Amino acid sequence: DTAVSQTPKYLVTQMGNDKSIKCEQNLGHDTMYWYKQDSKKFLKIMFSYNNKELIINETVPNRFSPKSPDKAHLNLHINSLELGDSAVYFCASSQGLAAATQYFGPGTRLTVL
Amino acid sequence: QKEVEQDPGPLSVPEGAIVSLNCTYSNSAFQYFMWYRQYSRKGPELLMYTYSSGNKEDGRFTAQVDKSSKYISLFIRDSQPSDSATYLCAMSEDFRYFQGAQKLVFGQGTRLTINP
Chain R
1 DTAVSQTPKY
11 LVTQMGNDKS
21 IKCEQNLGHD
31 TMYWYKQDSK
41 KFLKIMFSYN
51 NKELIINETV
61 PNRFSPKSPD
71 KAHLNLHINS
81 LELGDSAVYF
91 CASSQGLAAA
101 TQYFGPGTRL
111 TVL
Chain A
1001 QKEVEQDPGP
1011 LSVPEGAIVS
1021 LNCTYSNSAF
1031 QYFMWYRQYS
1041 RKGPELLMYT
1051 YSSGNKEDGR
1061 FTAQVDKSSK
1071 YISLFIRDSQ
1081 PSDSATYLCA
1091 MSEDFRYFQG
1101 AQKLVFGQGT
1111 RLTINP
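Order-wise, the sequence lines are chains R and A. Residues in the first sequence are numbered consecutively from 1, following the working numbering. Residues in the second sequence are numbered consecutively from 1001, following the working numbering.
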């Protein structure tokens, strides 16, 4: 059983489009995260939800809107995609706010043409 | 200056060698220190974490933290080709002393290749 899963795995789209990425975890965790990993492998936190409440909201363009329908799911919607949005987006989860042990999904590779 | 600095490599060593991976940091409030391993086209997986200073050993892996020098290391003994991956250090402040969630700050990652 996959602990943290993401769909889709690959996403290729045109500039200006709107797209969504979905994440699900079956670990029973109550905290979920979105990270962006750029071409130089820098992994940076974007958002975090704890029990469906937004608790981390880094300096991210408001074209990015996360949504957590329940503790096991965290989605990321991106409006008006730009070339600079091309990256790998990782979802992660942890139990509670102690983020030392986070479990990552396989990533969604987004390419904006 | 980035909060966490890590040499991206690449680093290539023969099988069986001892590998040393390092990170330096500037934020003296960091208390949790983690090492993640990331295989190509996969998500990072937690290898080890340490709270505050000291050493921690797990099989062939040893993590060291020197807070006075703001320097952490990961040693891999008897390295195997299956250890070939990118190793990311990550750090965070102690979440018990502030409101909100604990944020991990990652280094750039060091790409390691173990040659058979």
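Beta carbons are placed, not taken as given, at the ideal position from N, Cα and C, and that holds for glycine. Quick caveat, the model's predicted, so the values are computed rather than measured.
- In the three-state DSSP reduction, A:D1083 falls in the helix class (H, G or I).
- R:N75 is not a Cβ neighbour of R:D18, given a cutoff of 9 Å.
- Segment contact: the region 32-43 of chain R against the region 84-92 of chain R, three or more CB-CB distances shorter than 8 Å; contact assigned.
- Along the region 35-46 of chain R, the positions whose C-beta sits under 8 Å from a C-beta of chain A are K40, K41, F42, L43, K44 and I45, read in chain order.
- For A:F1030, no CB of chain R lies under 9 Å from its own CB, so it is not counted at the interface with that chain.
- Taking a C-beta cut-off of 7 Å against chain R, the contacting residues of the region 1049-1064 of chain A are Y1049, listed in chain order.
- Counting only residues of its own chain and dropping the five nearest sequence neighbours on each side, A:F1033 has a CB closer than 6 Å to the CB of T1050, V1065, I1072 and M1091.
- For R:V12, no Cβ of chain A is located within less than 9 Å of the residue's own Cβ.
- R:R109 is bridged by DSSP to R:Y10 and R:V88.
- Interface residue (Cβ-Cβ distance to chain A less than 9 Å): R:P106 is classified as such.
- For chain R, the residues of the region 1006-1033 of chain A that bring a beta carbon within less than 8 Å of one of its beta carbons are P1008 and Y1032, in chain order.
- Counting only Cβ-Cβ distances below 8 Å, A:Q1108 has contacts in chain R at K40, K41 and F42, in chain order.
- Closer than 9 Å to the CB of A:E1003 there is not a single CB belonging to chain R.
- In the three-state scheme derived from DSSP, where H, G and I count as helix and E and B as strand, A:L1088 is classed as strand.
- Between R:Q14 and R:G107 a beta carbon distance of about 21 Å is seen, past the 8 Å cut, so the two are scored as non-contacting.
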